[in-house]
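Here the numbering used here = 1-based position in the sequence shown + 3.
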Amino acid sequence: MSENASMDEEELENLLENFFFKKNTELMSYSDSFESRMRDRFITYVKEIREAGTSEENNQILRNAKIIVKKKSRRAMDLVNVQAFIDRIELRSSDAEARTAVIKILKEEKNFKQIDENVDDGLITVKLPKMDLEKRFELADFIESKFKNYQKNVMMVKNQSMQQIRAGLQNEFIFGPDAAKASKEIEKIIAHYIKTAKLIFFVKHKSILRNQFKLTDEDDIILARKMSTVAHILD
């Protein structure tokens, strides 16, 4: 099993399928190309937000660990999937003997105190010590910088696409009405991805800051009412 906390690209794309821009009619070639680039950047952004705050050390907690299963020595990571979150580590395995051996390692070698096992789900949950407020604010600032960088990337790609449209007009590859249509489509695509990215940012921010999470902008407050629609993306 993979020892990475993050999903592979195909799994993440499947998770985000319902959040990609949906076109009601065929897009102009310029805006269709723009949407494809926006989709790629959106996937990268979500991946970064999902992974932010997870410790690589915790993701690798069973690296090189050996366990005895069915009287044979096995690499723990061959039988157990590890996923680190801000407040916990989740370890999954369908093999009960492997889970028992891993719990022993977590207690005796890693010195974790709060360990729970859900036998039905094949899940071991290790509760991590709470971050102090200073660390929470540091992580929250880091998440905000990721969202701002995403916005900058969107605008950079928009500028490139608009330059292509202007060049197309000058060279008569595209005419005025079609250029105007493509530009409007690009604006709709931007609005969709920025709004969705901001909602995901809000959810992550709130999970870090908890009762310190506050919004002051009226539009943000209204948008935040839809946070529940994207919350599962960060689970």
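Every residue, glycine too, gets a C-beta built ideally from N, C-alpha and C.
Asked, Found
"Residue 89 vs residue 186 beta-carbon contact at 8 Å", "no"
"Residue 72 and residue 65 closer than 8 Å at C-beta", "no"
"Validate contact between the stretch 224-238 and the stretch 196-207 using beta carbons, cut 8 Å, 3 pairs", "yes"
"Residue range of the unbroken alpha helix (DSSP H) whose run includes residue 76", "Per DSSP, residue 76 belongs to no alpha helix (DSSP H); it is in the beta strand (DSSP E), 75-78."
"beta-carbon residue 123 near the ligand ATP non-hydrogen atom, thresh 7 Å", "Of ligands this structure carries none, so the ligand ATP is not represented either."
"Inter-residue spacing [alpha-carbon to alpha-carbon] between residue 108 and residue 56", "24 Å"
"Residue 174 (DSSP reduced to helix, strand or coil)", "coil"
"Opposing strand residues paired with residue 126 [DSSP bridges]", "95, 121"
"Straight-line gap, residue 39 to residue 103 (C-alpha atoms, nearest Å)", "46 Å"
"DSSP-derived helix/strand/coil call for residue 104", "helix"
"The stretch 134-146 in contact with the stretch 29-37 per 3-pair CB rule at 8 Å", "no"
"Chain-order list of residues whose beta-carbon lies under 7 Å from that of residue 228 (same chain, five-residue window excluded)", "none"
"Alpha carbon of residue 179 to alpha carbon of residue 167, nearest angstrom", "13 Å"
"Three-state secondary structure (DSSP) of residue 229", "coil"
"Exposure label - residue 8; buried when at least 16 CB within 10 Å", "With a pLDDT of only 41 at residue 8, under the threshold of 50, the placement of this residue in the model should not be trusted; the figure read from the coordinates follows. Looking at its Cβ environment, which holds 16 or more other Cβ atoms inside 10 Å, residue 8 is buried."
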